[in-house]
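Q: Take the sequence shown: its position 155, counted from the start at 1, is 154 in numbering that gives the first Met the number 0, and no numbers get skipped.
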Amino acid sequence: MKKAVVAASAALLTAGLATAAPAEARPGHHKPGHPHDGATSKITEAVTVNGILRHLRQFQRIANANGGNRASGLPGYEASVEYVTRQLEQAGYDVTRQEFTFPFFQELSPTTLTVDGSEVENAIFTYSGSGTVTGPIVPTNDIQVPPGPEADSSSSGCEAEDFEPAPAEPAIALVQRGTCTFEIKVDNAVAAGYEAVIVMNEGQEGRTDLIAGTLGNPKDVPVTGVTYQDGAALVEAGTPTATLTAEVEADPDRVTWNVIADLPKKALKKVKNPDEVVVVGAHLDSVTEGPGINDNGTGSAGILEIARQLTATGIDRKLERPVRFAFWGAEELGLLGAEHYVGSLTDDELDSIYANLNFDMIGSPNYVRFVYDGDGSDGDAGPAGSAEIEKVFTDYFDREGLAHAPTAFDGRSDYGPFIEVGIPAGGLFTGAEGVKTEEQAETFGGTAGLAYDQCYHQACDDISNVSTKALHEMGDAAAHAVVAITTAKGGLYPLSDKPGHGKKPGKKAKPGKKGKGHGHHHGRGHGHGKRR
Ligand code: BES
Ligand code: ZN
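1) For Trp-256, tell me which candidate among Glu-248, Ala-78 and Val-225 has the shortest Cα-Cα distance.
2) Compute the Euclidean distance between the alpha carbons of Asp-346 and Val-482, then round it to the nearest angstrom.
3) Please tell me whether Gly-400 and Ala-337 are closer than 8 Å, where the distance is taken between their beta carbons.
4) Can you tell me whether Asn-355 is helix, strand or coil according to DSSP?
5) Quick one: is the Cβ of Ser-396 within less than 7 Å of any heavy atom of the ligand BES?
6) Which residue's Cα is closest to the Cα of Gly-130: Arg-368, His-54, Glu-248 and Asp-151?
7) Under three-state DSSP, which class holds Glu-118?
8) With burial defined as no fewer than 16 other Cβ atoms inside 10 Å of the residue's Cβ, what is the status of Thr-467: buried or exposed?
9) Let me check you understand the geometry: is the CB of His-456 closer than 7 Å to at least one non-hydrogen atom of the ligand ZN?
10) Return the chain-ordered list of same chain residues with a C-beta closer than 6 Å to the C-beta of Arg-296, the five sequence neighbours on each side being excluded.
11) Buried or exposed: Arg-85, going by 16 or more other Cβ atoms within 10 Å of its Cβ?
12) Who does Glu-246 pair with in a DSSP beta bridge?
13) Counting along the chain, where does the beta strand (DSSP E) carrying Ile-302 start and finish?
14) Would you say the beta carbon of Val-277 is closer than 7 Å to some non-hydrogen atom of the ligand ZN?
15) Please list, in chain order, all residues of the same chain as Ala-170 whose beta carbon is under 6 Å from its beta carbon, the five residues on each side excluded.
16) Along the beta strand (DSSP E) that carries Gly-576, what are the first and last residues, could you check?
17) Alpha carbon to alpha carbon, how far is Phe-392 from Phe-428? Give it in angstroms, no decimals.
18) Put Ala-458 into one of helix, strand or coil per three-state DSSP.
19) Within the region 142 to 190, note down every full beta strand (DSSP E) run reaching 3 residues or more, in order along the chain.
20) Do Ile-142 and Ser-155 come within 8 Å of each other at the CB atom, strictly closer than that value?
21) Please check the pair Val-196 and Val-225, which I expect to be a contact at CB under 8 Å, by giving their CB distance rounded to whole angstroms.
22) Going by DSSP, what residue range makes up the alpha helix (DSSP H) through Glu-42?
23) Can you name the start and end residues of the alpha helix (DSSP H) that Phe-58 belongs to?
24) Compare the Cα-Cα distances from Glu-158 to each of Val-119, Glu-387, Gly-177 and Pro-146 and report the closest residue.
25) Might you give, ordered along the chain, the residues of its own chain that have their beta carbon closer than 6 Å to the beta carbon of Ala-386, omitting 5 neighbours on each side?
26) For Val-254 versus Val-220, is the C-beta spacing smaller than 8 Å?
27) Using 7 Å as the cut-off, classify the Cβ of Asp-294 as near or not near the heavy atoms of the ligand BES, replying yes or no.
28) Taking the alpha helix (DSSP H) that Gly-75 belongs to, which residues open and close that run?
29) For Glu-88, count neighbouring C-beta atoms within 10 Å of its own C-beta (all shown protein chains included) and say buried if the count is 16 or more, exposed if not.
30) How many angstroms separate the CA atom of Thr-207 from the CA atom of Val-198?
31) When DSSP labels each residue in this structure, what does Phe-417 get in the three-state scheme?
32) Residue ranges of each beta strand (DSSP E) run of no fewer than 3 residues wholly in the region 198 to 236, ordered along the chain?
33) With a threshold of 7 Å on Cβ separation, who are the neighbours of Thr-442 within its own chain once the five nearest residues in sequence on each side are excluded?
34) Could you tell me the boundaries of the beta strand (DSSP E) in which Gly-280 lies?
35) Pull up the DSSP beta-bridge partners for Gly-425, would you.
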């Protein structure tokens with residue numbers, strides 16, 4: 000806490016003395032009159048760390064006053080919605096609350112698993128049921144110990160026949176990660192008469208840690224995850240007796256909102272290409288475990304300040320295409336707000352979205368300047384147009400002399416539903432639970448071997464869990480991109496080049512396909528979509 004206050008006031012000073020201090024003393028800061036910054040120096044100067052921090056402090060106050068979090072479905076989220084709405088309205092925007100329902104879930108007390116009298120480390124699954132179940136642990140008949148040759152080779156629990164009928168009442172099923180969704184495994188276990196389920200990791204490299212997943216919808220039985228090693232020990236122990244206790248709150252249809260801000264009518268009238276809307280988004284919700292200041296107070300505060308400064312500077316009256324600021328709800332339970340928004344659009348409305356810019360975590364303490372990999376230089380590319388968006392960010396960083404690295408569109412944030420329907424996307428990210436490599440530490444500074452954000456999805460993701468330097472650099476880059484893209488004469492690419500233009504996909508948008516697995520270094524709070 001103390002450290003951040005010092006860091007914050009140093010940054011505040013830097014921002015306040017922008018015109019007096021030499022450019023060299025302010026790494027990453029825009030140099031006024033930089034020949035390549037074109038029309039965007041006005042916005043990068045107006046968007047300051049100080050301005051962003053004001054909103055972050057407000058989010059922290061909101062969490063403090065509302066049980067320590069800002070999760071969709073709880074009062075801290077509603078207060079966050081009210082705050083950004085008021086700010087946007089004061090800045091002249093036309094603000095709508097888009098209401099939708101979603102399956103709410105929160106763990107009320109730590110889940111415990113006791114086997115033959117000793118506690119086993121475990122992590123509750125999102126949408127687990129509540130209750131205490133004591134009985135024998137029975138593995139499915141197709142569990143692979145040792146693990147199969149490659150990831151996703153176990154189909155444990157994917158078929159009804161994998162379970163022998165529950166031998167006692169009650170009994171606990173043990174299934175292994177792999178092949179089908181966790182929900183299918185749990186539903187099959189329940190159908191075979193089991194009253195609780197333990198999910199063990201699969202066992203290959205990268206699939207040994209404690210596993211925390213999601214079941215997609217509320218279930219009636221307790222479900223928790225264990226490491227591969229602990230799971231294998233349970234298999235070898237025969238049918239040990241265990242007690243699993245979970246206490247959760249689940250609600251299949253709780254109300255929440257996206258906040259959507261469109262340009263003031265006056266500004267919108269002047270826009271040359273009204274059918275090329277740039278949706279600038281950030282999720283406004285936190286996990287239930289904490290205040291969500293880096294994830295994603297930083298993205299929300301960043302785009303809120305960009306929105307405010309856009310009208311304050313009058314840039315909003317000089318745009319080639321409209322900007323729409325979107326504050327997504329229920330991201331942490333599966334990108335549900337963005338999915339609802341994309342799913343609610345007509346074909347014409349879908350066709351009129353020029354791009355989606357996403358800002359999810361832009362102030363990680365041990366940060367890397369990640370730019371979403373639109374051109375696929377490091378794996379899969381985004382939809383056509385995404386390469387041009389990526390280049391807006393990377394060109395900016397290059398001009399500022401700031402290193403950057405690509406990060407995959409792995410479906411873990413709100414661009415997911417947009418790229419699923421072929422809308423070009425891009426944005427920034429400073430890292431979550433991933434661990435900084437030696438190379439990254441050399442390039443970006445910070446500490447190798449430590450997570451980019453050690454408080455990811457935890458109670459300590461508070462106002463002290465933010466790098467103001469990251470916030471400064473990423474805030475400027477985001478501001479630059481918003482203005483560069485909305486003011487580019489002729490655009491970055493023709494809108495009609497979008498694949499899928501003019502057609503709506505057959506199915507409802509779902510979070511993008513999941514990328515490679517990642518470590519689970521702390522047990523709780525990882526939502527994993529329907530990842531297997
Ligand atoms: N801020 C994270 C996004 C993120 C985390 C992206 C780590 C890349 C790496 C986001 O709020 C989040 O937690 N997403 C979920 C997935 C979502 C579908 C529920 C996640 O990554 O577990
Ligand atoms: Zn998150």
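All C-beta atoms in this analysis are idealised placements derived from N, C-alpha and C, irrespective of residue type, glycine included.
A: This is what the structure gives:
1) Ala-78
2) 26 Å
3) no
4) strand
5) Residue identity check: residue 396 is Phe in the sequence provided, not Ser. It does not: the Cβ of Phe-396 is nowhere closer than 7 Å to a heavy atom of the ligand BES.
6) Glu-248
7) strand
8) buried
9) yes
10) One point to set straight first is that residue 296 is Gly, not Arg, in the sequence displayed. So the qualifying residues of the chain are Leu-55 and Phe-58.
11) exposed
12) Ser-108
13) Note, Ile-302: premise wrong, no beta strand (DSSP E); alpha helix (DSSP H) at 297 to 311.
14) no
15) Gly-134, Pro-135, Val-137 and Tyr-193
16) Past the boundaries of the shown model lies residue 576; the chain is included only from 0 to 531, so the question cannot be answered.
17) 12 Å
18) coil
19) 171 to 175
20) yes
21) Rounded, the Cβ-Cβ distance is 11 Å, inconsistent with contact.
22) Glu is not the amino acid found at residue 42; the sequence shown has Ile there. Note, Ile-42: alpha helix (DSSP H), 40 to 45.
23) 48 to 64
24) Gly-177
25) Gly-373 and Asp-374
26) no
27) yes
28) 74 to 89
29) exposed
30) 12 Å
31) helix
32) 222 to 225
33) Ala-402
34) 276 to 282
35) Leu-356
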